[in-house]
C-alpha cells in the first residue's frame with residue numbers, strides 16, 4: 001500500500017489505497033467520457049480531411065487519445081494533416097503560416113468562405129495560439145456537470161515515410177542532411193510509427209504511463225506527454241521484464257528513482273534503428289530519445305523541479321524521512337542504454 005502522505009503529489013489518493021485502485025478510480029477516464037471525446041475528435045478529423053483548397057491525404061489522430069493514454073481531466077490529441085501539395089520539408093515550412101491561418105478561418109468562420117452554413121458542433125471549439133508548427137484548439141465537452149476541454153494541436157505535415165516507401169533508413173538519411181530548423185519539422189511525420197509503438201501495449205504498461213502523466217500534470221512539471229510514454233514503456237520492458245502482473249508501486253518507484261537523478265538518464269532503446277549508428281546526434285548529457293526518430297530527444301530542459309518533485313514523492317511513497325528543501329539524495333546511476 002502507498003502512504004497516505006502521497007496525496008500531496010498524487011491528489012485524490014486515499015489512505016491505504018493501492019496505486020492500481022487509484023488509477024481505476026481517479027486517473028483513467030471513464031468509458032463513457034472516452035467515447036464522447038473520441039466522437040467529438042472524429043468529427044474534427046473528418047472535417048479537416050475535406051478542407052477546401054488543399055489535397056489532404058490523411059488526418060491522423062495521435063497524441064494521448066490516438067495512443068490510448070489519455071488521463072482524466074487532461075485529454076489531449078495531435079491531429080496530423082498529411083498534405084499532398086508540398087514535395088519538400090522546406091516548402092511545407094514556408095507554407096505553414098498560410099496553412100495554419102486557413103485552418104483557423106475554416107474552424108472559426110467557415111460559412112463565409114467555405115460553407116453555406118456553419119455546423120453546430122463547431123460552436124464547441126475555441127481556437128488558441130498558433131506556433132510555427134501547429135495551431136491549438138479546444139473542444140469543450142460537458143461530463144458529470146463539468147466543462148472538460150480536450151486540448152488539440154493541429155499539425156500540417158508531409159508523408160515523408162510514404163515517400164520513401166516505409167524505408168526508415170532512407171528517411172533518417174534525408175533528415176541528417178537538413179539543418180536543425182528543418183529537422184524539427186520532421187518529428188510529426190513519425191506519428192503513425194509512434195501510435196504503432198504505444199497503442200498495442202498491455203493495459204498495465206499504459207496504466208504506468210497514465211500514472212506518470214497524472215503525476216507530472218498535477219505537480220505542474222515540464223515534461224512532455226510522449227516522454228512519459230517512452231519512460232513508462234522503458235520501465236515496463238527493461239525493469240518489470242514485460243510482466244503484466246507487476247506491482248504498480250514498484251514501477252512508479254523505479255520511475256521516480258530515475259527522475260530524481262534525471263541528469264544521468266540516457267535512454268535510446270529502439271527496434272527501428274541502431275542507437276550506436278546515430279549516437280553522434282544525441283545530446284552529450286542526458287536524453288530520452290524517441291524510439292522511432294533518432295533525431296528527437298523528448299527530455300526536458302528544466303529538470304531541477306522534476307528531480308526535486310521525484311525525490312519528495314519517492315520519500316512519501318516509501319515512508320522515508322522527507323528531505324528538507326535544497327537537500328539532495330545520493331545519486332544512483334540511472335544510465336540506461
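Residue numbers (UniProt numbering): 1 to 337.
For every residue, glycine included, the Cβ atom is placed at its ideal position computed from N, Cα and C.
Helix, strand or coil at residue i [DSSP, three-state]
| i | result |
| --- | --- |
| residue 171 | helix |
| residue 246 | coil |
| residue 41 | helix |
| residue 201 | coil |
| residue 325 | Interpretation of residue 325 is limited by its pLDDT of 43, a score under 50 that renders its predicted location unreliable; the figure taken from the coordinates is listed afterwards. Here residue 325 sits in coil by DSSP. |
| residue 296 | strand |
| residue 207 | helix |
| residue 286 | coil |
| residue 253 | helix |
| residue 267 | strand |
| residue 224 | coil |
| residue 54 | coil |
Residue from the options with nearest C-alpha to residue i
| i | options | result |
| --- | --- | --- |
| residue 153 | 238, 173, 84, 45 | 45 |
| residue 183 | 299, 61, 307, 88 | 88 |
| residue 226 | 238, 218, 212 | 212 |
| residue 397 | 5, 232, 138 | Residue 397 lies beyond the residue range present for the chain, which begins at 1 and ends at 337; the question has no answer from this structure. |
| residue 122 | 284, 43, 275 | 43 |
| residue 58 | 25, 32, 38, 85 | 85 |
| residue 133 | 170, 95, 150 | 95 |
| residue 236 | 252, 223, 222, 224 | 252 |
| residue 148 | 34, 179, 244, 17 | 34 |
Whole-number beta carbon distance between residue j and residue i, since they are thought to touch under 8 Å
| i | j | result |
| --- | --- | --- |
| residue 155 | residue 40 | Going by Cβ atoms, the distance from residue 155 to residue 40 rounds to 19 Å, so no, they are not a contact pair. |
| residue 309 | residue 9 | 7 Å |
| residue 77 | residue 92 | With a Cβ gap of about 21 Å, residue 77 and residue 92 do not count as contacting. |
| residue 56 | residue 82 | 7 Å |
C-alpha gap between residue i and residue j, whole angstroms
| i | j | result |
| --- | --- | --- |
| residue 229 | residue 201 | 11 Å |
| residue 257 | residue 220 | 19 Å |
| residue 278 | residue 271 | 13 Å |
| residue 266 | residue 80 | 29 Å |
| residue 6 | residue 313 | 7 Å |
| residue 74 | residue 163 | 35 Å |
| residue 185 | residue 67 | 21 Å |
| residue 319 | residue 246 | 21 Å |
| residue 24 | residue 214 | 13 Å |
| residue 282 | residue 311 | 26 Å |
| residue 29 | residue 21 | 13 Å |
Ignoring anything shorter than 4 residues or poking outside the segment 56-89, list the alpha helix (DSSP H) runs there in chain order.
63-67
Whole runs of the beta strand (DSSP E) within the segment 118-204, excluding any shorter than 3 residues
125-130, 135-143, 146-157
Extract the residue ranges of the alpha helix (DSSP H) inside the segment 6-42, only unbroken runs of 4 or more that lie entirely within it.
19-22
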